[in-house]
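Which chain is which? The protein sequence lines are A and B, in order.
Quick note: the first sequence uses the working numbering, first residue -2, plus one each step.
Quick note: the second sequence uses the working numbering, first residue 589, plus one each step.
Written out below as structure tokens is the structure these notes cover.
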Amino acid sequence: DSGVTQTPKHLITATGQRVTLRCSPRSGDLSVYWYQQSLDQGLQFLIQYYNGEERAKGNILERFSAQQFPDLHSELNLSSLELGDSALYFCASSVLLAGAGNEQFFGPGTRLTVL
Amino acid sequence: GNSVTQMEGPVTLSEEAFLTINCTYTATGYPSLFWYVQYPGEGLQLLLKATKADDKGSNKGFEATYRKETTSFHLEKGSVQVSDSAVYFCALSEGNYGQNFVFGPGTRLSVLP
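Structure, rendered in structure tokens:
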């Protein structure tokens, strides 16, 4: 158990809908990352937050948005869903200390199916 | 920008065979290097890491040595088991706080009994 929690575990919805995925980082970790993993197994970095502020942005669509709240949990909002958005969405957290290895710890993921 | 390249899979081995999964990286500075493993239906787990040149990371019989001269971090295990079947990701982090994190594309390993 990495200490990172994600809800829900599975989500089935229809095209055009909007969903929210939730992530709680490990205790003490200030940074949260979101990734999308498609069937071909590659990990696509979406966005990173650090202590409530956006730190880095990857290949995140304009239909997607995220935020990190004062209690450090994060939410990923996906709107106007398309069939191609079906994927596993992972959240990871890291403490981000200077000079440390700063590995990321991953949650179990949310499997999104868009019908 | 930074990047990580891994050998393409899938890799299929018989139980007790020797495993090598190649990983090379491109980075502007001195990154930390990681191997993650993803078992079927699960999230990624940190397998091992190395934070400076010549460091050797090891865990569960897996090893990888940070080779700055060849910009490589190859994963090895002397005798694989069926339970090692998974997808393996090489990754690097760079920046004052390691915030620039890059994953390789992953290599799927199947170990047959």
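We treat Cβ as the ideally placed atom computed from N, Cα and C, and that holds for glycine.
Practice item. Check each residue of the stretch 648 to 663 of chain B: if its Cβ is closer than 9 Å to any Cβ of chain A, include it; give the result in chain order. Key: none
* Spell out whether any CB of chain A is found under 7 Å from the CB atom of B:S681. => yes
Check: Are A:N73 and A:L18 close, meaning C-beta to C-beta below 7 Å?
Finding: Looking at the sequence shown, residue 73 of chain A is not Asn but Leu. Yes.
### Query
What residue range is occupied by the uninterrupted beta strand (DSSP E) comprising B:I609?
607 to 609
Supposed close pair B:L700, B:T600 - CB separation, criterion 8 Å: 7 Å
- Query: Is DSSP giving A:S24 helix, strand or coil here?
  - Reply: coil
For chain A, is any of its Cβ atoms less than 7 Å away from the one on B:P693?
yes
field: DSSP-derived helix/strand/coil call for A:S83
entry: coil
| query | Would you report the Cα separation of A:E51 and B:G666, rounded to the nearest angstrom? | reply | 42 Å
Checklist line | Close beta carbons around B:L621, own chain, < 6 Å, minus the five adjacent residues each side | finding: A638, Y654, F661, L680
Under a CB-based cut-off of 7 Å, is A:G104 close to chain B?
yes
(message) At the 7 Å Cβ level, is B:L635 part of the contact set with chain A, yes or no?
(response) no
Open item on the list: On the CB-based measure, 16 or more other CB atoms within 10 Å of its CB, does B:A674 come out buried or exposed?
Closed with: buried
| Which chain B residues are close to A:E100, counting only those with a beta carbon under 7 Å from its beta carbon? | F622, L634, K637
May I ask you to list, following chain order, the residues of the stretch 599 to 630 of chain B that have a beta carbon less than 7 Å from some beta carbon of chain A?
S620, F622, E630
| said: Based on DSSP bridge pairs, tell me the residues matched to B:N534. | reply: Since the displayed chain B opens at 589 and closes at 701, residue 534 of chain B lies outside it and no answer follows.
Report the partner residues of A:E50 according to the DSSP bridge assignment. A:Y47
So for B:Y667, helix, strand or coil by DSSP? Strictly speaking, residue 667 of chain B in this sequence is Ser, with Tyr absent from that position. B:S667: coil per DSSP, three-state reduction.
Note to self: Give me the subset of the stretch 1 to 20 of chain A whose CB atoms are less than 9 Å from a CB atom of chain B, sorted by chain position.
What the structure shows: V1, Q3
**OP:** Pick out whichever of A:Q41, A:D26, A:S91, A:A11 has its Cα sitting closest to the Cα of A:G55.
**Re:** A:Q41
Checklist line | Through-space distance from B:K648 to B:A605, alpha-carbon basis | finding: 15 Å
- Task: Step through the CB atoms of chain B and report whether any lies within less than 7 Å of the CB of A:L69.
- Result: no
If the criterion is Cβ atoms closer than 7 Å, does the pair B:Y627 and B:L635 meet it? no
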